[in-house]
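Asks: Sharing a structure with you now.
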Amino acid sequence: MASISLWVTVALPKRFVASLCAVWLGAGFSLCATPSVHAAPLDPLLEAGPHTLPGTGFFELSSDGMSKQLDLLRLRPEGLTDDAAGVLRGFRLRAGYGVNSRLWIEGGFFRRQIFYGGLGPFFNGWQLGGQWRLRESLGRWSGPDVSLRLNAWGNESGTISVPRGTLERYRSFDLLDSLAVNGASDRQLQTDLVSTWWNGGSVWSMFAGAGVGRVSVDSITASVGPFSTTWRAGRFDSDLVQSLAPTLGISDALSTINYQTRFMHGGAGVRVPLGNWAIRGGYQYFSIHREGVDAFINARSTDNTVYRINHTLLGEVAYRLAPGMRVFVRGQAMSNQMLSEMPLLYNSLTARRFNERYGILSAGVMATF
C-alpha cells in the first residue's frame, strides 16, 4: 500500500492540481492556420483538413510552462504556501506533411519536467496521426469539409524516485527509506469525425470521436533499511510481503494500477484571420470509463467519488513574422487536472485529486515548407 500511495501523493501539496506525484503533465501546441491532427491535449483546435497543397508541410518548436508568475488567470487553487509547487517546464516538437489532396499525416514528441522541492522527474509524450478528407467544400455555400481522423498517442515516464525527506511527511510511509515507481505509461488509439465550414471571414469546426486505451506500471519498489521489495506483474518478489498483501489491503489497490479505458469526446472551435494576426479558440468535452478502477472507487465508504469528465478551453494568438514563419502564444485551462491528457495519472488512490483545475501557458514558432 505504501508503494502505491506515495506514487500518487507525496510530490505536491494537498489540493494542488499537479499534486499527482509531481510527475506527469503534458501539453501541446499549434498554429492558427495549419491543419489540425493533434494528440488529445490539442483536440479542441481540431479542423478538417488538409488545407495545404500536396507536398507541403510544417515544422514546429514550442515551449510550455506553469508557475506562480505565469498563472495569470489564477487557475491553481488558492492557499498554496510553496511558490515552487507545480512548476512546469518543457518543450514540444511537431511536424506535418500533406501526402496528397486528401491525406495529411502528422507526428509529435514532447518532454516535460515538473519541479517540487528537490524533485524534478521527466515525462515523455508522443503522437502519430492522420486525416483522410471525406468531403471537400467548394465554397462558402457548398457545405463543410469533412474528414476522418485516426490518432495514436501516449505518455510515459522512467523511474520516479521519492526522497526520504518527503516520505517522512506522510503517515504510513515514514518508515520507508526509499520508494520508486518504474515505467508508468499510457497508450491510446482514437478516431474522430471532423467538420469545418467558412462563415464570412471566420472558420468554424466541430468534432466528435471515441477511443480505447491502456494504463500500465512496470513495477513499484520500496525499501526499509537493508530490506527491499518490488511489485511486478501482479505480485511481490518477497513471499512474506505477498502473503501479507491481502490482509493489509494492498492487493485490491494494486489490482487497479493497470487497467483499460474507453473514452468519448466532442467539441467545437473557431479561427479568425486578422491580416498578419490570427486568433483561435476551442472547447472539448471528454468522458472516460476505466475498467475495474471506477467500480473499486465507488465501493469504498470514503473518497468514493469517480471523476470521468474533463472540460478544456484553449485560446491561441498567432502572428506572421514573414512568409512561412509564425510565432504564437496559447493558454489552456482544464476543469479536472490532466484527466483527458494523461490517463496514467489516474488510479484508485489518485482519484480524489482530480477535482482541481489547472492551466498551462505555451509559446512557440512554426515554419512551413
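If you're matching positions, the sequence shown starts at 8 in my numbering and goes up one per residue.
Every residue, glycine too, gets a C-beta built ideally from N, C-alpha and C.
For S108, is the classification buried or exposed, using 16 other Cβ atoms within 10 angstroms of its Cβ as the cut-off for buried?
Replies: exposed
Asks: Between the Cα of R242 and the Cα atoms of G127, I112, S226, L321, which residue gives the shortest distance?
Replies: S226
Asks: I'd like to check one pair, F130 with N164: are the Cβ atoms closer than 9 Å?
Replies: Asn is not the amino acid found at residue 164; the sequence shown has Ser there. Yes.
Asks: So D301 is in the beta strand (DSSP E); what residue range does that whole segment cover?
Replies: Per DSSP, D301 is not a residue of any beta strand (DSSP E); the alpha helix (DSSP H) it occupies stretches across 300-305.
Asks: Given a cut-off of 9 Å on the beta-carbon distance, is the pair V313 and A358 in contact?
Replies: yes
Asks: Who are the near neighbours of S230 in its chain, counting only those whose CB is closer than 6 Å to its CB and skipping five residues on each side?
Replies: D184, S185
Asks: Per DSSP, Q197 is paired with what?
Replies: N158, G218
Asks: Taking contact to mean 3 or more Cβ pairs, one atom from each stretch, closer than 8 Å, check whether the stretch 63-75 and the stretch 96-108 are in contact.
Replies: yes
Asks: How about Y353 and I316: do their beta carbons lie closer than 9 Å?
Replies: no
Asks: For D71, report the span of its beta strand (DSSP E) as first-last.
Replies: 64-73
Asks: Using a threshold of 9 Å, state whether the C-beta atoms of N206 and M349 are closer than that.
Replies: no
Asks: Going by DSSP, what residues sit across from I112 in a beta bridge?
Replies: Y104, G137
Asks: Could you pull out every residue in the same chain whose Cβ sits closer than 6 Å to the Cβ of N265, ignoring the five residues on either side in sequence?
Replies: S223
Asks: Jot down the residue ranges of each uninterrupted beta strand (DSSP E) in the stretch 217-304, minimum 3 residues, whole runs only, in chain order.
Replies: Runs of the beta strand (DSSP E) inside the stretch 217-304: 234-239, 266-281, 284-297.
Asks: How is the beta strand (DSSP E) around M332 delimited, first residue to last?
Replies: 332-341
Asks: Could you check the C-alpha separation between R118 and S202 for me, to the nearest Å?
Replies: 31 Å
Asks: Going by the beta-carbon positions, is the gap between M377 and A374 smaller than 9 Å?
Replies: Because the chain in this structure spans residues 8 to 376, residue 377 falls outside the shown range and cannot be described.
Asks: Quick one: Cα of D244 to Cα of W238, how far?
Replies: Cα-Cα distance, rounded: 6 Å.
Asks: I'd like the list of long-range same chain contacts for S258, defined as Cβ closer than 6 Å, with 5 residues on each side in sequence excluded.
Replies: A252
Asks: For Q267, which residues of its own chain have a beta-carbon under 6 Å away from its beta-carbon, when the five flanking residues on both sides are left out?
Replies: Once the five neighbours on either side are set aside, the close Cβ partners of Q267 are R221, E298.
Asks: Could you give the distance in angstroms between the alpha-carbon of T254 and the alpha-carbon of S192?
Replies: 29 Å
Asks: Within 10 angstroms of the Cβ of L49, are there 16 or more other Cβ atoms? Answer buried if so, exposed if not.
Replies: buried
Asks: On the DSSP bridge list, what partners appear for S185?
Replies: Looking at the DSSP assignment, S185 forms a beta bridge with S230.
Asks: Per DSSP, R99 forms a beta bridge with which residues?
Replies: S69, F117
Asks: Helix, strand or coil for D50 per DSSP?
Replies: helix
Asks: Which first and last residues belong to the beta strand (DSSP E) in which A370 is found?
Replies: Looking at the DSSP string, the run of the beta strand (DSSP E) that includes A370 is 365-375.
Asks: Does the Cβ of N343 have 16 or more other Cβ atoms within 10 Å, making it buried, or fewer, making it exposed?
Replies: buried
Asks: According to DSSP, simplified to helix, strand and coil, what is R360?
Replies: helix
Asks: Would a C-beta distance cut-off of 9 Å place V153 and S209 closer than the cut-off?
Replies: no
Asks: Tell me the DSSP bridge mates of E323?
Replies: R287, R337
Asks: What's the gap between the Cα of S70 and the Cα of D246?
Replies: 47 Å
Asks: Count the other C-beta atoms from every protein chain shown that fall within 10 angstroms of the C-beta of G218, then say buried if there are 16 or more, exposed otherwise.
Replies: Burial call: buried.
Asks: Can you tell which of T309, G371, G338, S355 has the C-alpha that lies nearest to the C-alpha of Y365?
Replies: Checked all of T309, G371, G338, S355; the closest Cα to Y365 is G338.
Asks: According to DSSP, is L126 helix, strand or coil?
Replies: strand
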